[in-house]
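K.L.:
Sharing a structure below in C-alpha cells format, with a few things to ask.
Chains as they are written, first to last, in my numbering: chain U, 641 to 689; chain V, 426 to 657; chain P, 364 to 586.
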C-alpha cells in the first residue's frame with residue numbers, strides 16, 4: 641500500500657480529531673472557570689439572564 | 426445555573442459521525458474498485474473531495490451567518506460564522522495537504538496548479554485572513570462586524586476565483602486528475618456520495634461543539650461581569 | 364447636496380490633500396519602481412523572457428504597491444479625524460465609499476500612468492495598446508473598490524496597515540488572473556474580441572466588488 645495513501649488517511653483523521661480535542665480541551669477549561677466563578681458568587685446576587 | 430442541560434443533538438451528531446466514519450473508510454478501501462491508472466493511491470479521492478467540499482461549505486455557512494449578523498445584530502450568528510470558519514479551515518487544510526500527497530505519486534511533484542487544488546489553496550488563505558482579522562479587532566462588537574463584512578466580500582470572490590483559475594488552467598492543460606471527472610464507475614460514485622454524506626455530518630457535529638464552546642465562553646464573560654458588578 | 368456632488372466633494376478633498384503632501388502617490392510610485400527593479404533582478408528578465416513576464420510583473424507590482432496607497436489614504440482620514448466628521452455629516456455612507464474609492468482609483472491610476480511606459484522601456488513590451496489600457500482600467504476598478512472597503516476595516520484594527528495585504532490579496536485573485544491573461548494576449552497582438560472571456564470576468568468582478576463594498580461599507584465604518 642502506498643505510503644502516500646497511508647499518510648493522507650492519517651491526515652484525514654488527525655486534523656478533525658485534533659480540532660475536536662482542541663474544542664473539548666477549551667470547553668473543559670471554560671467549564672472549570674464557570675464552576676469556580678459560580679461557587680464564588682453570592683446566591684442572592686443578580687443572576688445573569 | 427451555569428451548566429446547560431445535556432446537548433442531545435450534539436451527542437446524536439457525534440454518534441452519527443462516529444458510526445459513519447469507519448464505514449466510509451471501509452467503503453473507500455474495500456467497496457470502491459481499484460482505479461486502473463493510479464492504483465490504490467486514487468482512494469485518497471474519497472476523503473479528499475469531501476474535505477474540500479466541507480472546506481467550501483463551511484465558508485458558505487460563514488457567508489450566510491455573516492449576512493444574518495449584519496442584518497439582525499444577534500451574537501449567535503457571529504458565533505456560527507466564526508465557528509464554521511474554524512471547522513472549514515481545518516478541512517480545507519486537510520484537502521490541500523492530501524491533495525499534495527496525492528499529487529506526488531501520480532505526477533511526481535508535491536504541487537500541481539490543478540484548478541481544484543489551486544482554488545482550495547486560495548480558500549485556505551482566505552480563511553487565514555478571516556482568522557487573523559478576528560484576532561486583530563479591538564473589541565467583540567468590532568470583531569463581529571468586521572469579520573462579517575469580510576466573510577461576505579470574500580465569499581463573493583470565491584465563484585469568480587473558481588472560474589478564473591479554471592480558465593487559467595485550461596489554456597495549459599495539465600494532466601487532468603485522471604479518472605475522477607470522466608468514466609467514474611458506479612461503485613466509485615456511490616462511495617464518493619457516502620463519504621460526502623459522512624463528512625457533512627462530521628462538519629455539523631464539530632460545528633455544534635464549537636458553537637457550544639463559544640456559548641459557554643459568553644456565559645463565563647457574563648458571569649464575570651455580574652461578579653464585577655457585585656463586588657464593585 | 365446631490366449624491367454626485369457629495370462624491371465629488373470627497374474626491375476633491377482627497378486630491379487637494381494629496382496635491383499638498385503628495386505622500387500617497389510618491390510612496391506608491393517609489394515602491395512600484397523598486398518592485399519592478401527587484402523583479403527584473405530576481406527573475407533575470409532579459410529579452411523575450413522579459414516581454415513574456417511583463418504582464419505578470421506589472422500586475423503583481425500594482426497589487427502590492429496599491430496596498431500602500433490604500434492604507435495611507437484611509438489612515439489619513441483617521442488621523443485627521445476627517446472620517447468621523449464625514450460620517451457625522453448627513454452624507455450618505457455610500458457617497459463616502461464612492462468618493463474614497465474614486466480617489467484611490469485616481470491615485471493608483473497615476474502610478475500606473477508611470478509604470479506602464481516604464482515597463483515598455485525596461486522590458487521592451489508592447490503595452491501601449493488601447494486594449495491593454497482598457498484591461499488596466501477594469502482591473503484597477505475592482506481592486507480599488509475592494510481595497511477601499513478592506514482598508515477601512517484594516518485601519519481600525521490593532522494590526523492596522525499590515526493587515527490589508529493579507530485581507531485584500533486573496534480576494535483579487537480572479538481579477539489578477541484575468542488581467543494578466545488578457546494583457547498577455549493583447550500584448551501578443553491578439554484581438555480584443557477573443558479576450559472577451561477574461562474581460563467579461565473583469566467586468567463581473569468589478570460589478571460584484573463595487574456592489575458588495577458599497578453595501579457593507581456602512582458596517583465597516585460605523586461605531
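The beta carbon of each residue, even a glycine, is placed where N, CA and C say it ideally should be.
Bear in mind that the values here come from a model prediction, so they are computed numbers and not experimental data.
Report the three-state DSSP secondary structure of residue 655 of chain V (helix, strand or coil).
P.N.:
The answer is helix: DSSP assigns residue 655 of chain V an H, G or I state.
K.L.:
Which residues, in order along the segment 555-573 of chain V, keep a beta-carbon less than 8 Å from a beta-carbon of chain B?
P.N.:
Among the protein chains of the structure shown, namely U, V and P, there is no chain B.
K.L.:
Does the beta-carbon of residue 503 of chain P have 16 or more other beta-carbons within 10 angstroms, so that it is buried, or is it exposed?
P.N.:
With 16 or more other Cβ atoms within 10 Å, it is buried.
K.L.:
According to DSSP, which residues form a beta bridge with residue 464 of chain V?
P.N.:
DSSP, once it has assigned bridges, lists V:460 as partnering residue 464 of chain V.
K.L.:
Listing by chain order, which chain P residues have their CB less than 8 Å from the CB of residue 575 of chain V?
P.N.:
Chain P residues near residue 575 of chain V: 513, 516, 530.
K.L.:
Check the Cβ-Cβ distances between residue 540 of chain P and every residue of chain V, and say whether any is below 8 Å.
P.N.:
Chain V contact via Cβ: present.
K.L.:
Would you say residue 672 of chain U lies against chain V (beta-carbon separation less than 8 Å)?
P.N.:
Answer no: the Cβ-Cβ gap between residue 672 of chain U and chain V never drops below 8 Å.
K.L.:
Any contact between the segment 381-397 of chain P and the segment 497-513 of chain P? By contact I mean 3 or more CB pairs, one from each, below 8 Å.
P.N.:
No, because fewer than three Cβ pairs between the segment 381-397 of chain P and the segment 497-513 of chain P fall closer than 8 Å, the two stretches do not touch.
K.L.:
Step through the CB atoms of chain P and report whether any lies within less than 8 Å of the CB of residue 538 of chain V.
P.N.:
It does not: the Cβ of residue 538 of chain V has no partner Cβ on chain P nearer than 8 Å.
K.L.:
I believe residue 590 of chain V touches residue 549 of chain V by the beta-carbon criterion, under 8 Å. Please report the beta-carbon distance rounded to the nearest angstrom.
P.N.:
Actually they do not touch by this definition, with Cβ atoms about 14 Å apart.
K.L.:
Less than 8 Å between CB atoms is the rule here; does residue 588 of chain V satisfy it with respect to chain P?
P.N.:
So yes, residue 588 of chain V belongs to the interface.
K.L.:
Between which two residues does the alpha helix (DSSP H) containing residue 502 of chain P stretch?
P.N.:
Unbroken alpha helix (DSSP H) run through residue 502 of chain P: 493-517.
K.L.:
Please report the Cβ distance between residue 548 of chain P and residue 538 of chain P, rounded to the nearest whole angstrom; I am assuming they are in contact, meaning their Cβ atoms lie under 8 Å.
P.N.:
Incorrect: roughly 16 Å between the Cβ atoms, too far for contact.
K.L.:
The ligand FMN and residue 525 of chain V: does the residue's C-beta get closer than 7 Å to at least one heavy atom of that ligand?
P.N.:
The ligand FMN is not among the ligands present in this structure, which contains no ligands whatsoever.
K.L.:
Quick one: is residue 552 of chain P buried, meaning 16 or more other Cβ sit within 10 Å of its Cβ, or exposed?
P.N.:
It is exposed - the Cβ of residue 552 of chain P has fewer than 16 other Cβ atoms within 10 Å.
K.L.:
When DSSP labels each residue in this structure, what does residue 534 of chain V get in the three-state scheme?
P.N.:
Note: residue 534 of chain V maps to coil in three-state DSSP.
K.L.:
Whole alpha helix (DSSP H) runs in the segment 542-607 of chain V with 4 or more residues, listed along the chain?
P.N.:
Qualifying alpha helix (DSSP H) stretches, in chain order: 565-596.
K.L.:
According to the Cβ coordinates, are residue 478 of chain V and residue 621 of chain V closer than 8 Å?
P.N.:
The answer is yes: Cβ separation under 8 Å.
K.L.:
What are the boundary residues of the alpha helix (DSSP H) that residue 475 of chain V is part of?
P.N.:
Counting along the chain, the alpha helix (DSSP H) containing residue 475 of chain V begins and ends at 470-497.
K.L.:
Among P:412, P:530, P:520, P:395, whose alpha-carbon lies nearest the alpha-carbon of residue 552 of chain V?
P.N.:
Minimum Cα distance to residue 552 of chain V is reached at P:530.
K.L.:
Please classify residue 572 of chain V as buried or exposed, where buried requires at least 16 neighbouring CB atoms within 10 angstroms.
P.N.:
That one is buried.
K.L.:
Just the C-alpha distance for residue 585 of chain P and residue 569 of chain V, rounded to the nearest angstrom, thanks.
P.N.:
Whole-angstrom Cα-Cα distance: 13 Å.
K.L.:
Measure from the alpha carbon of residue 434 of chain V to the alpha carbon of each residue in V:639, V:646, V:630, then state which is nearest.
P.N.:
When each option's Cα is compared against that of residue 434 of chain V, the closest is V:630.
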